[in-house]
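Report on the following structure.
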Amino acid sequence: MLRYLLLAALTTQAAADASACAAALADMTNPQSKNAAKNALASFTCPNVLAAAGFSWTSGDTYAFAARQHMSDFGDPDACESIGGFRYVGVQYPFGQWGLCVPRECDAENLNELLKMGQGLTGATKVVSGRFRFRMGAGGGFMVALFVILVVAALVATAFEPRIVAHVKGIVYKEDYALVTEVYRGPAWLQCFSLVRNYDQWLSRREDNPLSCLDGVRVVSMLMVIHGHTLLIGIYGMYTNVFSALYPPDGLVSTARGQSLPSDEFAVDSFFWLSGLLATRALVKYAQGRGWKWIPQTYLFRYLRLTPLYFFVLLFWWKALRIVGLGPLWLNQRGGYRRCKRYWWTNMLYVNNLVPFKDTFTEQCFGHAWYLGNDMQFFIILPLFIVAYTFNRRAGYASLFVGFWASIIYSLWAAGHFGFSAGVGAPPDQQTYYYVRPWTRIPPYLVGSATALLLNDVSSKPSRIICEAMRLVALLILGLCYFGAYPFWQSPMKHGLKRLNHSYVALTKPAWAVALSLLCWPSFRGHRGMIGRLLELPLWEPLAKLTYAMYLIHMPLIEIFYWARRGGRIYFSVPWWCFAFLGVASATGFVSVVLYLFVELPFHNLVMLLRKRLATPPARRVDDDDALAELAEPLTEPVSPASEVEVN
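Here the sequence shown stands for residues -16 to -1, 1 to 632, numbered as in mature numbering (1 follows the signal peptide of the UniProt record, and there is no 0).
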């Protein structure tokens, strides 16, 4: 009985609070109110929706105009709350979000109650507190504690390093003097965490590496990913002039220079090409003389190499970083957290680009990790091509050729059947059924694999004229791919371009990979030229080793950059985009160094210790250049330093 009385009392109180809120809102829209000055000031700090809703002359066109020009305007929360008797709340509308300054009598609960009764804010769907914040919980505490443990392990491991011990004892340690008696005094597994070892490993150089140009390709591709995402995330609710500044017919994406936004996605195809090239190169060498056992071993070591950092970043983002944001915009993260609660296991099994099948792009956990699912699936089927190549070289090339064209033919059919577009008019499910599916994204990987086999079979050096011709053709193809979507972003798009649009969707990603092979082949054979020298700058090598961590962490940092604050107008401009990109790229690089030294490399070293125990030795001696260590590298880092553990 007491329970029902308490429930009735709470219901009565909620109704009374809602009535008081409704009265305060009505007073706010009343020009004759004694609080008219405060009401006007409060309306000035945020979009004047309440006032507009109170006048009968407000038409639907007014709302449409406001939504088009200010899709998401969060006003000035601090200015609102500095006015006595007012509070700041976030209001969600079908077209976006607005921040509103409402009377103190109205909190999020009261306003939502009014929405249920059909009163209050016209057109709103939900109201959230202006001071909304997630709680960390036990999972977040565990991730913070785990990171602290890793830092402590790194410090303890570093304390056992001979040069550190020598420094503490006051002994002069000469870098050019090889210590014979001074060896690492801690256990081998502990040395995996040593900052001295990991720092040296990070900055170590690979001498006379014919594939060193790939370092530049990796870094440039990673910067393209950050460049595109820095703009893309802001489209979802942060730019006040999103339609006029970005969208067709007059926005940036309809201009030639604006093609950098849609074309930045080719960076992922560069990663697929790199992965196919280097994984194939490593597997061909490692498979020699090892029977069939090398296949499950490569799967095991690849999984162990990629997953620790992947799992750490995903869980840290999901459980710990949730507390860094404040306000209604940060509430958008709740959808991502709920999806991870349902589908985190798909990330650990690398099927997050397939499950759930019908809503993959909108329902996947840690969305940008779809790339890793594809890459792992390509790696799983790669031994089939290697076995065919080992049995008969022509069979190996033929299998790659068939897979390459089968994917392209399917993409051509799907583009015409489902109406896929490289510009305006793209269907909403194109991301799910084309962008993240392995059977449409595999051609660049197969091109990389074929390039690796050609490197193994073709030893002759092309002439300088042929090298320059290859570079010229490569640059032409890259330019056509990068700027070729320009006609498809004009609104309305010409009807005669429909088939060309479908061909662009299906052919440009494979063409991009072919162009990369043509561009890098002269460098592989010693004809570097200006482009080769740029891609082989010593600067790229340490940065290239960070790209796996950068790829994983860049999206959480962009989310913090845009969504972790309560309000703030962002008027988009190209200079603003450039500075935002530089800021996000710098922050991503800094955080990735921490992740690389304290998380990625320690677990990589542990995997190498495990490999030393489990790897099957070849039936005969082969010069594999630490092939298994090479194939274990995420995002396909070129040959690992010779200082790492030997295979035999």
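By construction, the Cβ of each residue, glycine as well, lies at the ideal position given by its N, Cα and C atoms.
Keep in mind it's a predicted model, so treat the numbers as computed, not measured.
CB-CB length for residue i against residue j, believed under 8 Å
| i | j | result |
| --- | --- | --- |
| T214 | A564 | 5 Å |
| F350 | N376 | The pair is not a contact, with the Cβ atoms about 41 Å apart (cut-off 8 Å). |
| W302 | L581 | About 23 Å separates the two Cβ atoms, so there is no contact after all. |
| L261 | S444 | About 19 Å separates the two Cβ atoms, so there is no contact after all. |
| V568 | A304 | Not really, about 20 Å apart at Cβ, beyond 8 Å. |
| T531 | R202 | 5 Å |
| R306 | G124 | 7 Å |
| N485 | F467 | In fact, because the Cβ distance is near 15 Å, the residues do not count as touching under 8 Å. |
| L258 | L198 | 6 Å |
| Y334 | Q361 | 7 Å |
| A533 | L293 | 6 Å |
| A138 | L99 | 52 Å between Cβ atoms; not a contact. |
| Y321 | E347 | The Cβ separation is near 13 Å, so there is no contact. |
| V575 | L541 | 7 Å |
Selection from the options that minimises the alpha carbon distance to residue i
| i | options | result |
| --- | --- | --- |
| R190 | W524, P427 and A569 | W524 |
| A271 | G409, H479 and L366 | L366 |
| L105 | C197, A10 and P194 | A10 |
| Y77 | F58, E65 and G69 | F58 |
| A263 | D359, N336 and P340 | D359 |
| T374 | M539, L139, G69 and G275 | G275 |
| V408 | L298, P233, L293 and G357 | P233 |
| L298 | P412, V583 and L536 | L536 |
| T424 | A138, D253 and V209 | D253 |
| residue 652 | L594, R595 and H588 | Because the chain spans -16 through 632 in this model, residue 652 falls outside it and cannot be assessed. |
| residue 643 | L174, V75 and P246 | For the chain, the structure presents residues -16 to 632; residue 643 sits outside this window and is missing. |
| P427 | A122, A497, F404 and S17 | A497 |
| G387 | F402, L579 and L430 | L430 |
| P522 | F227, A571 and L195 | L195 |
Which of helix, strand or coil DSSP assigns to residue i
| i | result |
| --- | --- |
| G463 | helix |
| A533 | helix |
| I554 | strand |
| residue 720 | The structure shown does not extend to residue 720, since the chain is modelled only from -16 through 632, so no value can be given for it. |
| G74 | strand |
| S205 | helix |
| Y231 | coil |
| K493 | helix |
| Y220 | coil |
| S475 | coil |
| K110 | strand |
| F300 | helix |
| P171 | coil |
| F131 | helix |
| H588 | helix |
| A(-1) | helix |
| H486 | helix |
| G309 | coil |
| A469 | coil |
| N336 | coil |
| R448 | helix |
| W276 | coil |
| N94 | helix |
| Q348 | coil |
| Q103 | coil |
| K18 | coil |
Neighbourhood of residue i by C-beta, 7 Å cutoff - its chain only, sequence neighbours within 5 removed
| i | result |
| --- | --- |
| R8 | According to the sequence as given, residue 8 is Ala; it is not Arg. Only P87, E89 and C90 meet the Cβ criterion. |
| E249 | G212 |
| F369 | G380, S383, L384 and S433 |
| V457 | L502 |
| S205 | A251, S254 and F255 |
| G573 | L530 and M534 |
| residue 656 | It is not possible to answer for residue 656, since the shown part of the chain is limited to -16 through 632. |
| A372 | A379, G380 and S383 |
Cutoff 8 Å; reference residue i; Cβ partners in own chain excluding five residues on either side
| i | result |
| --- | --- |
| N440 | R265 and V268 |
| I364 | Y283 |
| M454 | P446, L502, L503, W505 and P506 |
Contacts around residue i, its chain only, beta-carbon distance under 6 Å, and the 5 residues preceding and following it disregarded
| i | result |
| --- | --- |
| P475 | For the sequence presented, residue 475 should be read as Ser rather than Pro. The residues are P232, P233 and V408. |
| S507 | C197 and G516 |
| residue 674 | Residue 674 lies beyond the residue range present for the chain, which begins at -16 and ends at 632; the question has no answer from this structure. |
| residue 634 | No answer is possible for residue 634: it lies beyond the span of the chain, which begins at -16 and ends at 632. |
| R323 | E347 and C349 |
| M539 | H352 |
Just checking, does the region 300 to 314 make contact with the region 277 to 288 on the three C-beta pairs under 8 Å criterion? Because the criterion of three Cβ pairs below 8 Å is not met, the region 300 to 314 and the region 277 to 288 do not touch.
Contact between the region 481 to 501 and the region 396 to 411 is defined here as three or more beta-carbon pairs at a separation below 8 Å; is this criterion met? yes
Examine the Cβ distances between the region 73 to 92 and the region 112 to 129 and report whether three or more of them are shorter than 8 Å. yes
Can at least three beta-carbon pairs, one atom from the region 379 to 388 and one from the region 414 to 422, be found at a separation below 8 Å? no
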